[in-house]
Amino acid sequence: MPHTGSAIDLKLFFPGAGVVRQHGVVSQTMGDQFRATFTDCDEFSRQRLYALLHGREVGSQRSQRFHTDLKVIVREPGRATTAALVSNLSRTGAFVRLERLPARGRVVELELAFPGEAVHESVNAFVVHVAPGRGIGVQFIGATGAFTSRLDEYLTQLSR
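The opening position of the sequence shown corresponds to residue 0 in numbering that gives the first Met the number 0, with each subsequent residue numbered one higher.
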């Protein structure tokens, strides 16, 4: 059992989403259990862990979906930026058509070009579904109020 203040390396196993490795420090011990604080967890990693821990699954769609052809820039850490199209959109996620597919469980940044807007809106998204040869299904995570407001306006236009 590690002691409070001990440096540890953690491997968190998520079914269907792979392994997440994190460094941490033991912050509290309780009998045969302990709590750890991640020491190298950037915002991107935090959002990925949040999505994995809360069981984000494509089967949990609750929002009405709309067909669209919305231009989007996809950014994935360690890879080149990719131009793509959103073909299906809801308040909670999207289907993004692109050739080079990120793995299920990854977090990507999407920069959406809403019609008539000079400034694009960005949001992080958790990849919940990969369709080879077609694209990815994503669930938005950590959306700002500005993004959510602009998305709602656009979805209202699509519903008319």
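Where a beta carbon is used, it is the ideal one built from N, C-alpha and C, also for glycine. All of these numbers come straight from a predicted model, not from anything done at the bench.
Given that a residue counts as buried once 16 or more other Cβ atoms are within 10 Å of its Cβ, and exposed if not, what is residue i?
i	result
residue 124	buried
residue 118	exposed
residue 161	Residue 161 lies beyond the range of the chain shown here (0 to 159); nothing can be said about it.
residue 51	buried
residue 59	Confidence at residue 59 is low in this model, with a pLDDT of 49, below 50, so its placement is unreliable and no value can be given for it.
So, with DSSP's three-state summary, where would you put residue i?
i	result
residue 145	helix
residue 121	strand
residue 8	strand
Since residue i and residue j should fall inside the 8 angstroms C-beta cutoff, what is the C-beta to C-beta distance between them, to a whole number of angstroms?
i	j	result
residue 121	residue 89	So it is not a contact: roughly 18 angstroms between Cβ atoms.
residue 0	residue 31	7 angstroms
Taking Cβ positions, are residue i and residue j nearer each other than 8 angstroms?
i	j	result
residue 84	residue 96	yes
residue 154	residue 112	no
residue 11	residue 35	no
residue 141	residue 46	yes
residue 137	residue 79	no
residue 22	residue 39	yes
residue 106	residue 43	yes
(request) May I have a chain-ordered list of the beta strand (DSSP E) segments no shorter than 3 residues that lie completely inside the stretch 35–113? (result) 65–74, 81–88, 92–96, 106–111
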